[in-house]
Every structure is written in C-alpha cells, then in structure tokens.
Amino acid sequence: QKEVEQNSGPLSVPEGAIASLNCTYSDRGSQSFFWYRQYSGKSPELIMFIYSNGDKEDGRFTAQLNKASQYVSLLIRDSQPSDSATYLCASSGNTPLVFGKGTRLSVIA
Amino acid sequence: GAVVSQHPSWVICKSGTSVKIECRSLDFQATTMFWYRQFPKQSLMLMATSNEGSKATYEQGVEKDKFLINHASLTLSTLTVTSAHPEDSSFYICSATRQGWTDQPQHFGDGTRLSIL
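Same order as they appear, the protein sequences are chains U and L.
Per the working numbering, the first sequence starts with residue 6, numbered consecutively.
Per the working numbering, the second sequence starts with residue 72, numbered consecutively.
So, in structure tokens, the structure goes:
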C-alpha cells in the first residue's frame, strides 16, 4: 500500500527560526512531490512541488527531495506566526495524490 | 491561474435531504477531479476520482449509491450526497488537475462544510 508518513507534531519554533518539516514515502514509483499548507477549517493550498532530486527554493520555502532515501522535506526560513498551520506532504505517480496526515506547525511570537 | 471554485461553502439541512456540491475549474480544463472528505482534526480522505465523460472511481468503503458523482464537462464535477444523515456531516473538498494527475499538482476548492441535523 502506498503511504506517505509525516510526524504529526506539533512542531513549535520561535518566530524568525527555520522550521523543518519531513516526509517519507513508500512508493518508489512516485515521481512528483507536493507540499500543501492547510489552515484550520480551510482547504489545502499548494505551496511547492518538486520532481527532481536536490533542492528547490521559492522565497522563504525550500523543498528538498532525495529519491534514494524516499525522503522529502520542507524548510521554512524566517518563520512567521502566520506560517502556523498543518503542512501536508503528498506524492504522485500513476495514481491520485497520496497525502500524509500532516504536521502541525506552531510559530511562537 | 489554476483556480477551483466550490459551491456552496456551507450547507445545513435536515436528515434525509439530498445535497449537491459543485466543483468548477475556472481557468483551466480539468480532465480529472477528486473528491475528499475531512473530519475534524483528521487527514484528507479521498472518496473518489472523477473523470470527464466516464464513471467515477470510488475508493474502498465509499458507497457509490450514496455519493453520486457526475463529471459532465471539462470544467464541472458535482457530488450529490443522497439521503444525508448526521454521520455524513463533514468538510467536503474537491480538487482538479490540468491533465490527468501524473506530475501535475492538484488545486483545491475552498471546501463545503456540510451539517446534517
């Protein structure tokens, strides 16, 4: 069964620090990886996607992919209280997105 | 770009009522749309995959006769919860991709909060 695993948290970081969110996946056939942010009571919002090994940067966000280790991460630099949310990792291959259960991030002012 | 509109955003109705939720891709053609359900403090649960012009593919444990899905055009999919009961109360979210699902992100609608009294 294809699975995406995330630590449920909560992960608490002080404002201005780097938040590191991690995710592992079981399906070696997965080709694409996505990070979504979901605020309480709202639907998920796409933050970043990554297809190739290595790092991909977009503003304060950096996604990292290591296909050999089946590991995806999201770094949030200069964390702000507004970044407090649940972050969902998802993988895709020839099937619909498989979502992790999400990591709850709390940025403390 | 990649805007998905979902309507209504909130529904409160009596037990036994059927409720229709619409999901539209506003600025792209979506050959595939997905319907999710999310209970409070739980993860997204995929209910079904909706393909334009063909029958939806339901996940195990999801009753296809209770959750009717229609994807009649490249920009519209509907989910009808038939004879809804209080246990169907949940947050229903649709998403869409531009071309199938491989290598393409899914873009989510704002969700529909369904409360059955």
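Where a beta carbon is used, it is the ideal one built from N, C-alpha and C, also for glycine.
Predicted model, so just to flag it, every value in this text is computed and none were measured.
Is the beta carbon of residue j closer than 9 Å to that of residue i?
i: Ile55/U; j: Tyr92/U; result: no
i: Ile92/L; j: Ala119/L; result: no
i: Glu123/L; j: Leu145/L; result: yes
When burial is assigned at 16 or more other CB atoms within 10 Å of the CB, is residue i buried or exposed?
i: Gly107/U; result: buried
i: Phe179/L; result: buried
i: Ala101/L; result: buried
i: Pro49/U; result: buried
i: Ser74/U; result: exposed
i: Gly182/L; result: buried
i: Pro79/L; result: exposed
i: Pro176/L; result: buried
i: Pro157/L; result: exposed
i: Tyr30/U; result: buried
i: Gln43/U; result: buried
i: Ser78/U; result: buried
Taking the alpha carbon of residue i as the reference point, which residue from the options has its own alpha carbon closest?
i: Pro86/U; options: Lys7/U, Glu10/U, Ala24/U, Gln69/U; result: Ala24/U
i: Asp63/U; options: Arg82/U, Gln75/U, Ser48/U, Lys47/U; result: Arg82/U
i: Glu10/U; options: Leu110/U, Gln36/U, Val112/U, Gly105/U; result: Gly105/U
i: Asp60/U; options: Asp32/U, Phe38/U, Arg42/U, Ser45/U; result: Phe38/U
i: Leu26/U; options: Asn12/U, Gln6/U, Ser74/U, Arg33/U; result: Asn12/U
i: Gly89/U; options: Val18/U, Glu8/U, Lys7/U; result: Checking the sequence shown, residue 89/U turns out to be Ser, not Gly. Ranking the options by Cα distance to Ser89/U, first place goes to Val18/U.
i: Asp32/U; options: Tyr41/U, Gly14/U, Ser96/U, Trp40/U; result: Ser96/U
i: Glu125/L; options: Leu147/L, Asp159/L, His142/L, Trp106/L; result: Sequence check: residue 125/L is Ser here, not Glu. Ranking the options by Cα distance to Ser125/L, first place goes to His142/L.
i: Ala167/L; options: Thr88/L, Gly87/L, Ile83/L, Cys94/L; result: Cys94/L
Roughly how far, in whole angstroms, is the beta-carbon of residue i from the beta-carbon of residue j, given that I think they are within contact range, below 8 Å?
i: Cys165/L; j: Met104/L; result: 6 Å
i: Ala155/L; j: Val90/L; result: 6 Å
i: Thr153/L; j: Lys137/L; result: 6 Å
Take residue i and list the residues in its own chain whose beta-carbon comes closer than 6 Å to its own, dropping the five residues that flank it on each side.
i: Arg184/L; result: Trp81, Phe162
i: Lys85/L; result: Leu188
i: Leu97/L; result: Val74, Ser76
i: Arg169/L; result: Phe99, Gln175
i: Asn58/U; result: Leu70, Lys72
Kindly list the residues whose CB is nearer than 8 Å to the CB of residue i, restricted to its own chain and excluding five residues on each side of it in sequence; keep chain order.
i: Glu20/U; result: Ser84, Gln85, Pro86, Val112, Ile113, Ala114
Going along the chain, which residues of its own chain have a beta-carbon closer than 7 Å to the beta-carbon of residue i, five neighbours each way excluded?
i: Phe110/L; result: Ser161
i: Ala22/U; result: Ser84
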